[in-house]
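See below for the structure under consideration.
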Amino acid sequence: MATLEKPEMPILRETPDQIYQRMTNRMAKLAEQRGDTPPATEEGEIYYDLSYPIAEEISDQQQLLEYGFLQRFLPWADGKFLDAIGVFFGLQRNVAEEDDVYRQRLIDRARTEEGDGRKQDYERWTRNVEGVGGAIAVEKARHDLSIDVYITDLTGQPATPELAQQVRTKLEDKRRALHDLQIHPAKVFPVAVNVKVIIRPDADLAKIQEQISKQIQTYLKGRSQIVYQQIGALFFVDGVTDFTGYTLNDGEVNLTVPADSVATLTVVVTT
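According to the UniProt record's numbering, the sequence shown holds residues 1 to 271 in order.
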């Protein structure tokens, strides 16, 4: 799903200084209309001491109002507000399921109707089982009526055989007649990154490897095409000035992750 940006609500994002300035402007205008001299408004003056705390409170309330307003909408809801939307759709949060994963399940449910056993239906039904992080269904791999679903756990790693069997049992009621349904742990697709980096004298190599690994792991998540040059751009973390000798699975070509597999990463960074 493409990222849906939160709407701009500038009126609801005023700082205390901005609010205080509006208050003093109104006060000065009112004094002018009455022919009076406006009071001093600098910090330390009586007017400031009385009015600035009010401006701070209004600013805080604006932020709370914006937060509460956005919680009404599924793309931006979180926490208990997201759970409440889940009750509306009849989908409860799984144990230890993060907001982003749960939100995506709810969005998928809102976009689709209860299906008739197509590939997308089996993927959605599988992801709704507690403990499942991702699911890819492959049709007709074994014969015309076969449905093979490959699943990962909540950490993105291949599911255990026990979880696969649990999912198969839960999907029996939804399985369409004659469909030969099998649930499998996702296969492992190794991704090995080797690179020699040039670093600043004060840089920590262990920390650099950790940062590079984290960035590549984020890049790989849910991706079927691994582009050699795009991974190369991820080496420039804090402390790295250049790199050389970079290989991806001992080569310099793009990789394709099979639909039934999940990429597992090994990173070796040397100097």
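Glycine included, every Cβ here is placed at the ideal spot set by N, Cα and C.
{"Query": "Continuous beta strand (DSSP E) assignments of at least 3 residues falling wholly in the UniProt domain \"Baseplate J-like central\" (117-175)", "Result": "132-139, 146-153"}
{"Query": "Gly222 versus Val101 - alpha carbon distance", "Result": "12 Å"}
{"Query": "Environment of Val95 [buried if 16+ CB atoms lie within 10 Å]", "Result": "exposed"}
{"Query": "Buried versus exposed, by CB contacts within 10 Å (16 or more), Ile46", "Result": "exposed"}
{"Query": "Segment contact flag, the stretch 199-216 with the stretch 228-240, C-beta cutoff 8 Å, min 3 pairs", "Result": "yes"}
{"Query": "Reference Ile198, options Phe243, Val132, Pro53, Arg168, closest by Cα", "Result": "Phe243"}
{"Query": "Span separating the alpha-carbon of Glu123 from that of Ala137", "Result": "6 Å"}
{"Query": "Ala159, buried or exposed, once every other Cβ within 10 Å from all chains shown has been counted against 16", "Result": "buried"}
{"Query": "Gln18 versus Leu74: straight-line alpha-carbon distance, rounded", "Result": "31 Å"}
{"Query": "Whether Ser146 touches Asp180 by CB criterion (7 Å)", "Result": "yes"}
{"Query": "Three or more C-beta pairs below 8 Å linking the stretch 48-57 and the stretch 73-90", "Result": "no"}
{"Query": "Leu12 beta carbon less than 7 Å from that of Gln62", "Result": "yes"}
{"Query": "Cβ separation of Gly156 and Gly133, assumed to be a contact under 8 Å, to the nearest whole Å", "Result": "6 Å"}
{"Query": "Endpoints, the alpha helix (DSSP H) within which Gly222 is located", "Result": "Premise fails: Gly222 is in no alpha helix (DSSP H) and is neither H nor E."}
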